Amino acid sequence: MSNELLFGDIAALRPRLASKEISPVEVAEALLDRISHVDPKLKAYNHLHPENSLAQAKKADVSLPLGGVPIAIKDVLNVKDDPLTCSSKILQGYIAPYDATVIRKLREAGAVLLGRTNMDEFAMGSSTENSAWGVTRNPWDLDRVPGGSSGGSAAAVGGHEAFAALGSDTGGSIRQPAAFCGCVGLKPTYGRVSRFGLTAFASSLDQVGPFTKTVRDAALLLEVLSGHDVNDNTSARRPVPKYTAALTGDVKGLRLGIPKEYFIDGIDPEIEQSVRAAIKHFEGLGAEIVEVSLPHTEYAVAVYYIVATAEASANLARFDGVRYGRRAQGATDVIDMYGRTREEGFGAEVKRRIILGTYVLSSGYYDAYYNRAQKVRQLLRQDFEQAFTKCDAILTPTSPSSPFKVGERVNDPLQMYLADIFTIAVNLAGICGLSLPCGFTKAKLPIGLQIIGPQWGEETILRAADAYERSTKWHQERPNL
Amino acid sequence: MAEAKIEVSYVAHLARLKLSDEETATFQKQLGDILQYVAKLQEADISSVVPLEDEAGFENNLRADEERPSFPLPAVLGNAPQQANDLIVVPRMVE
């Protein structure tokens, strides 16, 4: 398989597969070969099953939308008969008894499933350092983090170890690592994609979405993943648009909002410069730039760390040594068994969040923390509703900083939480957002531009992102691995 | 808002989570910092807000009450750390 194809996107690969110029088995073999050379450095994958991937490739129907395309899966989704660990010791030994709905949809679209990718334990983190199985490295600088929590998926796509990957985004866990690793990451509107088979972290915020090399691939993946699912009552009964048809390349007259609250002190000047240049670029393409205000933005991180931890403390109660994974030995009674299993099985960040979430829901504190946070969340949502009366999409940096060094923030959880300052409000408002490459720092680290859309506004943000991508070359840069 | 005070060992017990003394001390400090940070929500004017009830304007979403096959028992039970006779074994709960 030529390097041109290996480093290219799905849209370039598919016609070559369809014309039988190259077979799905050759594609899978080329990727597995690259993984065997590159992954010892990146450590993007938790689990690989090459024979299984090759068997799928052998049977792949290349006439299907993703026929023969190898895709990596974050280790948070159930893939039948494969291990699922959420990068946690507590799920060691768990074998998924069923396919998540998004996995079933990928299979039905002909995709070849590659391995499970590394992540922050139970998707809690912004650097993939909170994994029980070790740290994933950034393909652009191995001393730096890939972002998180879906850092393995981002590194796999950014490092060309997969054509695409699935991740999950609760407060930025797709968009922030996509920005750090120089790929495209899309967080769909809440309810667009089924969560059935996704290990729950914060159920009112979680969404599954794709990592891809280009915007047109993100549109293709979203088309496959979206739709109502009888097994997820929060999935919307809405028709799925043909997202790929929305990519007209034309943004003339599109109103793009610039919120002043996202251009604050403390943002890396190189990032601000690149994002401002991208805004200028859109203006050159004929878009109309308008100033908007999202006045409650400063509260987003605080609201998130109350709402998300509260939901997590309830969702993670199921990991108690009874039904799944491992159980601590030598317990004196059942309460002791729960406590010890969770002590041994969970890492520090998960414990910290369970305690915080339990606290904000506990008697005497519920109103002061949880109820108040839910009300401020409503204000954040109203901010966006207001802004979207003046614009069609919003442009911001994806992250205030470029990829930081491994170990730099692990002892300061609050500092780590602030890495998500620009992505969190989108989840709290239930709307959609994507990140795409818009430049590099002088040290050759990728910079991400976030495009935020209203509820069900995926066609708009994909169209804007695609128009930008067509007229720039950032997505063609490759890391030197 | 309530004073940012958290007794980590008590809350950990509520969450059925054992902690070492060292972890308790570390979390006590870190969670204190985080609570201090989230106290900024006190400044927000929430007087006009009605509480958020549902997440994306979803109505009751009912499906037909039809029989469907369950997952095969061995696949489900196979994940339990201890089992016997198609049942999950746990430490004795009742004396």
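For the protein sequence lines, the chains are A and B, in the order given.
Sequential numbering of the first sequence, starting at 1, is according to the numbering used here.
Sequential numbering of the second sequence, starting at 1, is according to the numbering used here.
Ideal Cβ positions, reconstructed from N, Cα and C, are used throughout, including at glycine.
As the structure is a prediction and not an experimental result, all values here were calculated from the model.
Near A109/A, what residues of its chain come up, given a Cβ to Cβ distance below 8 Å and the 5 sequence neighbours on each side ignored?
-> Taken in chain order, the residues that qualify are L64, P65, L66, G67, V224.
Sequence-distant residues of the same chain with beta carbon closer than 6 Å to T199/A, five excluded per side = The answer, listed in chain order, is V76, C86.
Between the region 410 to 425 of chain A and chain B, which residues of the former have a C-beta closer than 8 Å to a C-beta of the latter?
-> So the list reads P413, L414, Y417, given in the order they occur along the chain.
At a CB-CB cut-off below 7 Å, which residues of chain B make contact with S313/A?
-> Near S313/A (Cβ distances below 7 Å), the residues of chain B are A15.
DSSP three-state call for K89/A: helix, strand or coil?
-> In the structure shown, K89/A adopts helical secondary structure according to DSSP, grouped into three states.
CB contact check: P97/A to chain B, cutoff 8 Å | Yes, contact with chain B.
Taking Cβ-Cβ distances below 9 Å as the criterion, which residues of the region 17 to 33 of chain B are in contact with chain A?
-> Residues of the region 17 to 33 of chain B whose Cβ lies closer than 9 Å to any Cβ of chain A, in chain order: L17, K18, L19, S20, E23, T26, F27, Q30, L31, D33.
Would you say the region 147 to 163 of chain A touches the region 462 to 470 of chain A, given that touching needs at least three Cβ pairs under 8 Å?
-> Output reads no: the region 462 to 470 of chain A does not touch the region 147 to 163 of chain A.
Would you decide whether V275/A is buried or exposed? Buried here means 16 or more other CB atoms lie within 10 Å of its CB.
-> Per the 10 Å Cβ criterion, buried.
Partners in chain B for E385/A, counting only beta-carbon separations shorter than 7 Å | In chain order: nothing, as chain B lies at least about 12 Å away.
With 16 other Cβ atoms within 10 Å as the buried cut-off, status of L186/A = A buried status is given to L186/A, since no fewer than 16 other beta-carbon atoms sit within 10 Å of its beta-carbon.
By how many angstroms is the C-alpha of Q207/A removed from the C-alpha of D392/A?
-> Using only the alpha carbons, I get a separation of about 22 Å.
From which residue to which residue does the beta strand (DSSP E) around N46/A run?
-> Looking at the DSSP string, the run of the beta strand (DSSP E) that includes N46/A is 45 to 47.
For chain A, is any of its Cβ atoms less than 8 Å away from the one on V94/B?
-> By this cut-off, V94/B is not an interface position.
Minimum Cβ-Cβ distance from L356/A to chain B less than 8 Å = It does: the Cβ of L356/A has a partner Cβ on chain B nearer than 8 Å.
Using beta-carbon positions only, say whether I71/A and A12/A come within less than 8 Å of one another.
-> Not in contact: I71/A and A12/A (Cβ atoms no closer than 8 Å).
Do three or more CB pairs link the region 88 to 104 of chain A to the region 33 to 52 of chain A at distances below 8 Å?
-> Result no; under three Cβ-Cβ pairs closer than 8 Å.
When we look at the beta-carbon of Q386/A and count the other beta-carbons within 10 Å, is it buried (16 or more) or exposed?
-> Counting Cβ neighbours within 10 Å, Q386/A comes out exposed, since fewer than 16 surround it.
Hey, K41/A and L166/A: beta-carbon distance below 8 Å or not?
-> Contact flag unset, no.
H47/A vs R116/A beta-carbon contact at 8 Å = It is a contact, given that the beta carbons lie within the stated cut-off.
Which chain B residues are close to L113/A, counting only those with a beta carbon under 7 Å from its beta carbon?
-> Neighbours of L113/A in chain B, taken as residues whose beta carbon is under 7 Å from its own, are absent, since the nearest beta carbon is some 18 Å off.
Beta-carbon neighbours of P81/B, restricted to chain A and to distances below 9 Å | Contact note: P81/B reaches chain A through G93, G321, V322, R323, Y324, G325, R326, R327, T341, using a C-beta cutoff of 9 Å and chain order.
Report buried or exposed for Q176/A, applying the criterion of at least 16 other Cβ atoms within 10 angstroms of its Cβ.
-> Per the 10 Å Cβ criterion, buried.
What does S362/A touch in chain B if you count any residue whose Cβ is under 8 Å from its own?
-> Listed along chain B, the residues sitting closer than 8 Å to S362/A by beta-carbon distance are V11, L14.
D169/A: CB within 7 Å of a non-hydrogen atom of the ligand FMN = Summarising the ligand content, the structure contains no ligands, and the ligand FMN is consequently not present.
Starting from the Cα of P413/A, find the closest Cα among L356/A, A164/A, H160/A, G448/A and give me that residue.
-> Residue L356/A is the option with its Cα nearest to P413/A.
Using a beta-carbon distance below 8 Å, is A331/A in contact with chain B?
-> For A331/A, the closest Cβ of chain B is nearer than 8 Å.
Taking C-beta to C-beta, are Q74/B and V334/A nearer than 8 Å?
-> Residue identity differs from the one stated: residue 74/B is Pro in this sequence, not Gln. In this structure, V334/A does not lie closer than 8 Å to P74/B by Cβ.
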